[in-house]
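Reviewing the structure listed below.
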Amino acid sequence: MTAQRLRVGQLVSACDPDALAERCPSYSVRSRHGIVVALIERQAAVKWIDYRGLQHDTCVLPAAMLCAGTLDAAARTRVIHCRRTDTALPCLTPVLVPSDAEPTIEIRELRITSSRSTESRTGLTFHTVRDANVALHALADAQEAFQSTFGPDPASAVSGADTVVVYRTLYTTIYRLDHCATAGFSRPAPAALAG
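Numbering-wise, the sequence shown is residues 1 to 195 according to full-length UniProt numbering.
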């Protein structure tokens, strides 16, 4: 894939998983999908997703090592709890975004334990709600063993947003869409995020 065909927020996968595993420490054969977080000349900075969730390390890779990612329809039906009625894969038509445009949507992570909750940025930003929802689908699919719940988010400040809730033994993680702080939108109060 060429750098001109990549965009920030795009779902990607490895063209050659073995070669990528040698070059990128945060990639493993269990990392079926990644998200482009930045474009640097002919390279792409990618965060990979595996069964533990989003990897916090970013790999800068040549664009030629990446392929456009597609969600596996069979994997999507295995998500334990899906509150969506439309389980069709999203349309894969290319999105035309000006090269100097700043992403306006981000995925935020809310982690809830028995004693406290913390909210943090994931570093994933997007130009379109569709790209952001595809990334949420990939997060839900990768963590299906932890009974991930995927569905529409009526409380989101982003119109058409989905949300993912992952139930683990000691904590629950909620991935939600929000407007980037630089986009000039106000964010809801943290109490609204838990509801």
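Beta carbons are placed, not taken as given, at the ideal position from N, Cα and C, and that holds for glycine.
What beta strand (DSSP E) runs, 3 residues minimum, are completely inside the region 121–162?
149–152
Can you tell me which of the three DSSP states Thr85 falls into?
As a position in the sequence shown, residue 85 is number 85, starting the count at 1. Interpretation of Thr85 is limited by its pLDDT of 47, a score under 50 that renders its predicted location unreliable; no figure is taken from the coordinates.
Closest by CA to Arg121, which one among Arg111, Thr128 and Val129?
Residue numbering aside, residue 121 sits at position 121 when the sequence shown is read from its first letter. Closest option to Arg121, Cα to Cα, is Arg111.
If we define contact as Cβ-Cβ less than 8 Å, is Val60 a contact residue for chain B?
Going by chain labels, chain B is absent from the structure shown, which holds only one protein chain.
For Glu41, count neighbouring Cβ atoms within 10 angstroms of its own Cβ and tell me buried if that reaches 16, exposed if not.
Residue 41 sits at position 41 when you count from the first residue of the sequence shown. Looking at its Cβ environment, which holds fewer than 16 other Cβ atoms inside 10 Å, Glu41 is exposed.
For Cys67, the residue or residues it bridges with in DSSP
Counted from its first residue, the sequence shown places residue 67 at position 67. DSSP output for Cys67 lists Ser13 as bridge partner(s).
Please name the residue, chosen from Ala63, Thr113, Gln43 and Gly34, that lies closest to Thr125 on a Cα-to-Cα basis.
The count along the sequence shown starts at 1 and reaches residue 125 at position 125. In terms of Cα proximity to Thr125, the closest of Ala63, Thr113, Gln43 and Gly34 is Gly34.
Between Val37 and Thr58, how many whole angstroms is the CB-CB distance? I'm expecting something under 8 Å.
Looking up residue 37 in the sequence shown gives position 37. Looking up residue 58 in the sequence shown gives position 58. Yes, Val37 and Thr58 are in contact; Cβ-Cβ is about 6 Å, under 8 Å.
Residue burial classification, Cys67 (beta-carbon count within 10 angstroms, cutoff 16)
As a first step, residue 67 is located in the sequence shown; it is residue number 67 there, counting from the start. Classification of Cys67: exposed, given that the 10 Å Cβ count is below 16.
Selected residue, minimal CA-CA separation from Ser28, among Ala145, Leu136 and Tyr51
Taking the sequence shown and counting its residues from 1, the one referred to as residue 28 is at position 28. For Ser28, the nearest C-alpha among the options comes from Tyr51.
Hey, Leu139 and Leu54 are a contact pair by Cβ (cut 8 Å); roughly how many whole angstroms apart?
Taking the first residue of the sequence shown as position 1, residue 139 is located at position 139. Taking the first residue of the sequence shown as position 1, residue 54 is located at position 54. Confirmed, Cβ separation roughly 7 Å.
Looking only at its chain, what residues have a beta carbon closer than 8 Å to the beta carbon of Phe6, apart from the 5 residues adjacent to it on each side?
The residue you call residue 6 lines up with position 6 of the sequence shown. A small correction: the amino acid at residue 6 is Leu; Phe does not occupy that position in the sequence shown. When the five nearest sequence neighbours on each side are left out, the beta carbons in the same chain lying within less than 8 Å of the beta carbon of Leu6 are those of Val12, Val36, Leu39, Ala44, Ala63 and Leu66, in order along the chain.
Could you check the C-alpha separation between Leu136 and Thr113 for me, to the nearest Å?
Working through the sequence shown from its first residue, we reach residue 136 at position 136. Working through the sequence shown from its first residue, we reach residue 113 at position 113. Roughly 21 Å separates the two Cα atoms.
For the beta strand (DSSP E) that contains Thr169, what are its first and last residues?
Residue mapping note: residue 169 aligns to position 169 of the sequence shown, counting from 1. From DSSP, Thr169 is part of no beta strand (DSSP E); its letter is neither H nor E.
Which residues does DSSP pair with Gln43 in a beta bridge?
Position 43 of the sequence shown holds residue 43. Partner(s): Ile40 and Pro62.
Just mark Gly9 as buried or exposed, buried being the case when its beta carbon has 16 or more other beta carbons within 10 Å.
What you label residue 9 is simply residue 9 of the sequence shown in a count that begins at 1. With 16 or more Cβ atoms within 10 Å of its Cβ, Gly9 is classed as buried.
Excluding the five sequence neighbours on either side, which residues of its own chain have a C-beta within less than 8 Å of the C-beta of Ser159, listed in chain order?
Your numbering for residue 159 matches position 159 in the sequence shown. So the qualifying residues of the chain are Val129.
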